[in-house]
Amino acid sequence: GLIVSIGIIWDAVTDPVMGYISDHTNSRRFGRRHLYLFIGAISMAAVNFFIWEVKAGGSEAFKFSILLVLILLMKTTMTIYTTPYTALGAEMSTDYDERTSIQSIKTVFFLLGLAFVTVFGLFVIFAPTTDYPIGQLNPEAYPRIGLWTSILIVIFGLASYAATKKYIPILRATQKQSKEPFHIKSLFSGMLRVFRNKSFRSVGLTYMFNNMASAIVSNIGLHVFTFTFALDSQKVAVVVGVQFAVSIICQPLWTIFSRKIDKKNSLRLALSISILASLVFGVLVLFKSVVTDNFLLFLPFSVLAGFGLGGMFTLPLSMMADVIDVDELYSGERSEGTYFGSFTLFYKFSQSITLVGVGVFLDLVRFDSNRTTQLHSTVVSMGLFFAIGSLFAFVMAFIAVSFFDLNRQKIAAVQKELQERAERENV
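Below is the structure:
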């Protein structure tokens, strides 16, 4: 927990720095973002491979040190790739609805990747064996993750680079480059401008609380399904797979909702559905003796959680592109990198705190990773932590998004003024 927490803090700090660097890059060949997509994909794959090669032997101090160094390197290479990648998605269109469509398509591929690795891992890498009928407890399965995921990182990282390279000359011709010189002072002044933006704070806090829930689910979810409900890897794969499938299938619906009731109300709907999913999971925990080993009873939760998750991945990123329009009106430049770097700073600090909390919680409830079965009080406490923790995070996100004050009409007025300014400057 401490290693991952330190890694996320480092990741959070470096994100706005990387965003600022990419905003101030103006390569004729690579534009503002693409050089970092290439470097990030290759270096990320290399570091990822070695993380999974760390052996169980050796002292605690040695393992802690080598894993900490590798995690910090991994987070750095992820930042080099992910921050420019996210900024690129926001600057590809100025159309209010098309921005949601772009983020929706991005979310589809993101979830496909996440689902493939998760479901493939549970079905194939963690397949049950004679010695380990619960496959995710097999220590020999874990080193294979490094090889498979590193290959996928290279393939899809470079595919993203190649597929979007054609936009470089278009973006170079239309983007407003930063007028400030490249130095530390302007980095902090740019970040200060970002955090002073009320709409940014609203979306940032919403995304932060969403990711607190995500951190709880992703870091304790496998423990809960394995120990609280006694589901093997195949059944966990079905429950998780249905959730991912619903998140992917519902993407066109969130684009339609965004057009009909606007982005803010659509996001509030997604959060309401996620709150309901947390309540359903809490009921499953309370009736643990009835639902244990029966994965079919988890499918209503999977459908609700997947539907809400689909909106929460897509809508905040589309809303952030609108926030950047307003900033351009007052600052005179496009700062997608700085905005999205600061955006991730918001939620990664909260993830770091959440992960430390999860680690402390597992100690408090006497979870023992060396045991294949846990105390009854331990498994019930883990299930309730999963439900109540995610419920709290979604409620706080719902409150935060209520302060967002941009809509279709306001952004249309902002873009009209930007267009008129550009025409005056070209005369």
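Add 1098 to the 1-based position in the sequence shown for the numbering used here, that's all there is to it. Note that beta-carbon positions come from the ideal geometry of N, C-alpha and C, so glycine has one too.
CB residue i to CB residue j, shorter than 8 Å?
| i | j | result |
| --- | --- | --- |
| I1509 | D1391 | no |
| T1174 | D1113 | no |
| T1353 | S1191 | no |
| I1249 | F1483 | no |
| S1059 | I1314 | For residue 1059 there is no data in the structure shown, the boundaries of the chain being 1099 and 1525. |
| V1301 | F1502 | yes |
| S1433 | D1109 | no |
| F1496 | R1366 | yes |
| L1402 | A1375 | yes |
| A1139 | G1288 | no |
| Q1341 | F1221 | no |
| L1415 | A1188 | yes |
| L1504 | S1316 | no |
| F1147 | G1244 | yes |
| I1223 | A1213 | no |
| L1395 | V1389 | yes |
| E1521 | L1427 | no |
Would you please state the rounded distance, in angstroms, between the beta carbons of residue i and residue j? I believe it to be under 8 Å.
| i | j | result |
| --- | --- | --- |
| A1498 | T1304 | 4 Å |
| S1448 | L1413 | Contact doesn't hold; Cβ gap of about 19 Å is too wide. |
| K1358 | G1481 | At roughly 37 Å, the Cβ-Cβ gap does not stay under 8 Å, so K1358 and G1481 are not in contact. |
| Y1118 | L1285 | 5 Å |
Please return the same chain residues whose Cβ sits closer than 6 Å to the Cβ of residue i, not counting the five positions on each side in sequence.
| i | result |
| --- | --- |
| V1463 | T1476, S1479 |
| V1338 | T1216 |
| M1062 | Since the displayed the chain opens at 1099 and closes at 1525, residue 1062 lies outside it and no answer follows. |
| F1405 | V1344, C1348, I1371 |
| A1419 | A1188, R1197 |
| Q1201 | T1412, L1415, S1416 |
In whole angstroms, give me the CA-to-CA distance for residue i and residue j.
| i | j | result |
| --- | --- | --- |
| H1132 | E1158 | 40 Å |
| G1211 | G1219 | 12 Å |
| V1456 | L1443 | 20 Å |
| K1263 | F1128 | 8 Å |
| R1126 | L1135 | 15 Å |
| T1205 | P1241 | 28 Å |
| F1323 | N1468 | 17 Å |
| V1102 | L1170 | 9 Å |
| Y1230 | N1236 | 6 Å |
| L1382 | A1311 | 18 Å |
| Y1265 | I1253 | 20 Å |
| T1247 | D1195 | 34 Å |
| S1500 | D1425 | 20 Å |
| L1407 | D1193 | 24 Å |
| R1506 | F1207 | 26 Å |
| E1523 | V1512 | 17 Å |
| T1471 | R1299 | 44 Å |
For residue i, collect the residues of the same chain with a Cβ closer than 8 Å to its Cβ; drop the 5 residues on either side in sequence, then sort them by chain order.
| i | result |
| --- | --- |
| L1257 | For the record, residue 1257 in the displayed sequence is Ala; it is not Leu. None. |
| I1106 | K1173, K1446, F1447, Q1449, S1450, L1453 |
| V1111 | L1443 |
Apart from the five residues just before and just after residue i, which ones in its own chain have a Cβ nearer than 7 Å to its Cβ?
| i | result |
| --- | --- |
| I1137 | I1178 |
| S1364 | W1352, F1355, S1356, G1409, L1413 |
| F1399 | A1375, V1378, F1379, L1382 |
| T1436 | P1114, G1117, Y1118, D1121, G1288, M1289, V1292 |
| N1309 | Y1445, S1448, Q1449 |
Is the shortest distance between the beta-carbon of residue i and the beta-carbons of chain C less than 8 Å?
| i | result |
| --- | --- |
| K1153 | No chain C is present in this structure, which holds just one protein chain. |
Tell me the start and end of each unbroken beta strand (DSSP E) in the stretch 1388-1418 that is at least 3 residues and wholly inside, in chain order. none
If we require 4 or more residues per run, which alpha helix (DSSP H) segments fall completely within the stretch 1130-1212? 1132-1149, 1158-1188
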